[in-house]
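There are 2 protein chains.
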Amino acid sequence: MHVILARREKLAALIEQHRFLPVKELCRRFGVSEATMRRDLAALHGEKRITRTFGGALKEFNERFPSFRERQHRASRSKTRVARLALGLLEAGKTYFFDSGTTVFSIAEAFRDAPVTPITIVTSNLPVGEMLAAIPGVEVFQLAGQLLHLQSTLLGETAQRSLEFWHFDWAFLSTEGMTPSGLWNSQIAIVEQQKVVLRRSARHVFCVDSSKLNRQAPHFLIGWNEIDTLLTDVPIQKLHAAGIMIDPAHYLGPDSLKTAAGEVGGEAGESAPEKAVSEGKPPVEGDLPVHFL
Amino acid sequence: MHVILARREKLAALIEQHRFLPVKELCRRFGVSEATMRRDLAALHGEKRITRTFGGALKEFNERFPSFRERQHRASRSKTRVARLALGLLEAGKTYFFDSGTTVFSIAEAFRDAPVTPITIVTSNLPVGEMLAAIPGVEVFQLAGQLLHLQSTLLGETAQRSLEFWHFDWAFLSTEGMTPSGLWNSQIAIVEQQKVVLRRSARHVFCVDSSKLNRQAPHFLIGWNEIDTLLTDVPIQKLHAAGIMIDPAHYLGPDSLKTAAGEVGGEAGESAPEKAVSEGKPPVEGDLPVHFL
DNA sequence: AGTTTTATGATTACTTGCGATCATAACGTG
DNA sequence: CACGTTATGATCGCAAGTAATCATAAAACT
Chain H
-14 MHVILARREK
-4 LAALIEQHRF
6 LPVKELCRRF
16 GVSEATMRRD
26 LAALHGEKRI
36 TRTFGGALKE
46 FNERFPSFRE
56 RQHRASRSKT
66 RVARLALGLL
76 EAGKTYFFDS
86 GTTVFSIAEA
96 FRDAPVTPIT
106 IVTSNLPVGE
116 MLAAIPGVEV
126 FQLAGQLLHL
136 QSTLLGETAQ
146 RSLEFWHFDW
156 AFLSTEGMTP
166 SGLWNSQIAI
176 VEQQKVVLRR
186 SARHVFCVDS
196 SKLNRQAPHF
206 LIGWNEIDTL
216 LTDVPIQKLH
226 AAGIMIDPAH
236 YLGPDSLKTA
246 AGEVGGEAGE
256 SAPEKAVSEG
266 KPPVEGDLPV
276 HFL
Chain Y
-14 MHVILARREK
-4 LAALIEQHRF
6 LPVKELCRRF
16 GVSEATMRRD
26 LAALHGEKRI
36 TRTFGGALKE
46 FNERFPSFRE
56 RQHRASRSKT
66 RVARLALGLL
76 EAGKTYFFDS
86 GTTVFSIAEA
96 FRDAPVTPIT
106 IVTSNLPVGE
116 MLAAIPGVEV
126 FQLAGQLLHL
136 QSTLLGETAQ
146 RSLEFWHFDW
156 AFLSTEGMTP
166 SGLWNSQIAI
176 VEQQKVVLRR
186 SARHVFCVDS
196 SKLNRQAPHF
206 LIGWNEIDTL
216 LTDVPIQKLH
226 AAGIMIDPAH
236 YLGPDSLKTA
246 AGEVGGEAGE
256 SAPEKAVSEG
266 KPPVEGDLPV
276 HFL
């Protein structure tokens, strides 16, 4: 029993380190049959700790770097749509801060698919940085700091000090809890870092998905009266029902879609190729930038 | 013709962004048959720009994060052995700087396989950071800075300023050229950053493989009289023959192997499992730490 | 325009990986 | 010690991916 779990731990660690390993290689290394290895892989896959591929096992970057497939399933509706809303806030020539957090990550993903350039992006989130640095015209800066492996994020005193070099037009921030009194986070270090970011940003957006509603984390971050913009997939009346009396002017979410659609202008990005496919037309790639594909 | 190369460029970029994509998905996106897609993938694979897997294509992290297989082939002899020499310099409780560069990366790899903990590692090299952060007992700090995508490294003014927070026991540095007058690098930003690191390090090691011998890059970094330690796979008499009159006391390489082997103590790490396999014994993994597998 | 070269997609036969089933061996428990 | 549980490895049919071949279509060259 223990021995199996131990082996699976090693397996997970090994895949993590190598990012991808073929099944055969894993069998060789562990000296087990393919059947057993498949079982182990299936188990880890069931726990969403790895991604399976034909013939091997793959570790997504930080369990966040989602494969195209996961991306389609996971929150395909609300989260992606909300993320695309955020794109309306991104303007060429400005400087943005991207926090850690899944919602912020999906915003970065949406941005990757429909980039606005030139632009400067500063982030404490390694996957975000790596992803966006590939895009021409996007200047990516990483914060300094201690690398927290589990979250692939940078934190600590050095991170805060390296924030001193910056001033942001917009900051995209995450929280882990949203209650009538405000927004909360689990780690004091995160809260302190975010407070520094807030001081150094002209405007800010808190990106909070519905799973955070009515969850309270140990450390208080900010009250509703101080919040510039809340980006969420929670409908505004549901927020009100939960006792969060946010002003629509500070709210960006499913309800602001119709109005924002025009104002924001152009979420044409990803929809075009998708449409082509769903209509059975040949998925023309023509002169579309890579990011649309 | 152009159109094909253009498509392959897009293909490479796409795989890079997604890290892994199945063949079918790629076909769908580009609207080509599987046959064509396979041909394109084979071409990119031939150029070593991607790694093929059954059913998909995979981009290794920054072409540096080597797959287990590449790692066995690429420089399996000298580079790995030299890297292992460097391990003798790593002591628990101290603070090290890891520069970018392939040789430094292979040192980090060797360290992953036989870690000494606790230890603090500061790096401007994202793959190194990500790799080492997975090891318990290893505290990894990233420098701040602009993320240069092609090299996955951090550079620039912010990087230099974030160095001010540190003092290193040892710094592992790379160069791109080694001539009788000293060491050289291609980018001024790299040289300047390295000079800051040198000022902030009690001792330093330049990690230079044989391909750099007698190559001169545009920017001068340091002369031989100032160099603390040179780590290289070039035999010392070959250096002398090339006009580089380095003192053996400042030299670490194949020639110092015999003496250093005892002093360094224990390169038993990786050799054990390899042996087991080559002898046809069941590749016992027993209680070996993950890193050995 | 005519010819050669190149790229593409369909078909084929072949290889590889997968999941299910089953028998066996190891482990734990009463 | 006998029992049930669990892990394992072998086998097999099936599905998926691949490489090779070939005919067609599109470019490139003369």
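Protein chains in written order, with our numbering: chain H, -14 to 278; chain Y, -14 to 278. For every residue, glycine included, the Cβ atom is placed at its ideal position computed from N, Cα and C. On a predicted model such as this, the values are computed, not experimentally measured, just so you know.
Below 7 Å on C-beta distance, what does residue i contact in chain Y?
i      : result
H:S147 : A129, T143 and S147
H:L43  : F5
H:F96  : Neighbours of H:F96 on chain Y: none; closest Cβ ~12 Å, over 7 Å.
Below 7 Å on C-beta distance, what does residue i contact in chain H?
i      : result
Y:E124 : Q131
Y:A99  : By Cβ distance, chain H contributes nothing, its closest Cβ being about 13 Å from Y:A99, past 7 Å.
Nearest by alpha-carbon distance to residue i: which of the options is it?
i      : options                            : result
H:V8   : H:G41, H:R14 and H:Q178            : H:G41
H:P112 : H:P103, H:L132, H:A99 and H:T105   : H:L132
H:H333 : H:V176, H:N199 and H:E211          : Past the edges of chain H, shown from -14 to 278, lies residue 333 of chain H, and the structure says nothing about it.
Y:R146 : Y:S109, Y:L158, Y:T164 and Y:D240  : Y:S109
H:T164 : H:G208, H:G141 and H:L158          : H:G208
H:S159 : H:H235, H:G31, H:T217 and H:A129   : H:T217
H:G31  : H:C12, H:R14, H:A(-3) and H:S18    : H:A(-3)
Y:H204 : Y:A20, Y:P239, Y:V(-12) and Y:L168 : Y:L168
Y:V101 : Y:D232, Y:G238, Y:E19 and Y:R69    : Y:R69
Y:G280 : Y:S196, Y:D240, Y:R34 and Y:A234   : Absent from the structure is residue 280 of chain Y, since the part of chain Y shown begins at -14 and ends at 278.
Measuring straight from C-alpha to C-alpha, what distance separates residue i and residue j?
i        : j        : result
H:G16    : Y:F83    : 35 Å
Y:R24    : Y:K(-5)  : 15 Å
Y:L(-10) : H:E94    : 26 Å
Y:L139   : H:L183   : 25 Å
H:E76    : H:D213   : 18 Å
H:T88    : H:S171   : 16 Å
Y:S186   : H:V107   : 28 Å
H:H3     : Y:E115   : 11 Å
Y:L43    : Y:L6     : 7 Å
H:I175   : H:V219   : 24 Å
H:I0     : H:E10    : 11 Å
Y:R13    : H:I92    : 24 Å
Y:Q222   : Y:L198   : 13 Å
Y:H276   : H:G73    : Since pLDDT at Y:H276 reaches only 40, below the 50 mark, its modelled position is unreliable, and the value read off the structure follows with that caveat. Taking the straight line joining both Cα atoms gives about 45 Å.
H:V67    : Y:C192   : 48 Å
Y:A71    : Y:D194   : 13 Å
Y:V181   : Y:D98    : 30 Å
Y:L(-8)  : Y:M22    : The sequence given here has Arg at residue -8 of chain Y, not Leu. About 10 Å.
Y:R56    : Y:T65    : Since pLDDT at Y:R56 reaches only 45, below the 50 mark, its modelled position is unreliable, and the value read off the structure follows with that caveat. Their Cα atoms are separated by approximately 9 Å.
H:G130   : Y:S166   : 36 Å
Y:E19    : Y:A27    : 12 Å
H:F96    : Y:H152   : 38 Å
Y:K33    : Y:F90    : 19 Å
Y:W155   : Y:E142   : 22 Å
Y:F150   : Y:A234   : 31 Å
H:A29    : Y:D240   : Residue 29 of chain H is actually Leu in this sequence, not Ala. The alpha-carbon atoms of H:L29 and Y:D240 are separated by roughly 46 Å.
H:I343   : Y:V(-12) : Absent from the structure is residue 343 of chain H, since the part of chain H shown begins at -14 and ends at 278.
Can you round the beta-carbon distance between residue i and residue j to whole angstroms, since I take them to be within the 8 Å contact cut?
i      : j      : result
H:Q178 : H:A202 : With 8 Å as the limit, H:Q178 and H:A202 do not qualify as a contact, their Cβ atoms being about 15 Å apart.
H:K79  : H:I104 : 7 Å
H:Y236 : H:F157 : About 16 Å separates the two Cβ atoms, so there is no contact after all.
Y:L128 : Y:L148 : 7 Å
H:T38  : Y:T38  : 6 Å
Y:G238 : Y:R200 : Going by Cβ atoms, the distance from Y:G238 to Y:R200 rounds to 17 Å, so no, they are not a contact pair.
H:I231 : H:L215 : 6 Å
Residues of chain H with CB under 9 Å from residue i, in chain order?
i      : result
Y:G78  : Correct list: empty, because the minimum Cβ distance to chain H is about 17 Å.
Y:L183 : The contacting residues do not exist; Y:L183 stays about 19 Å from chain H at best.
Y:F157 : Per Cβ cutoff of 9 Å: no residues; Y:F157 is ~17 Å from chain H at best.
Y:E32  : Here the premise fails: no neighbours, minimum Cβ distance about 18 Å.
Check the Cβ of residue i against every Cβ in chain H and list those closer than 8 Å, keeping chain order.
i      : result
Y:E1   : A119
Y:L139 : Q127
Using a cut-off of 8 Å between C-beta atoms, extract the partners of residue i located in chain Y.
i     : result
H:F83 : Near H:F83 there are no residues of chain Y at all, since even the closest Cβ is about 12 Å away, more than 8 Å.
H:G86 : Result: empty, since nearest Cβ-Cβ is about 18 Å, beyond 8 Å.
List the residues of chain Y that residue i touches, going by C-beta distances under 9 Å, in chain order.
i      : result
H:T38  : F5, P7, T38, F39, G40, G41 and L43
H:F150 : A129, E142, T143, R146 and S147
Q. Counting pairs of Cβ atoms below 8 Å between the region 116 to 127 of chain H and the region 225 to 237 of chain H, do you hit three or more?
A. no
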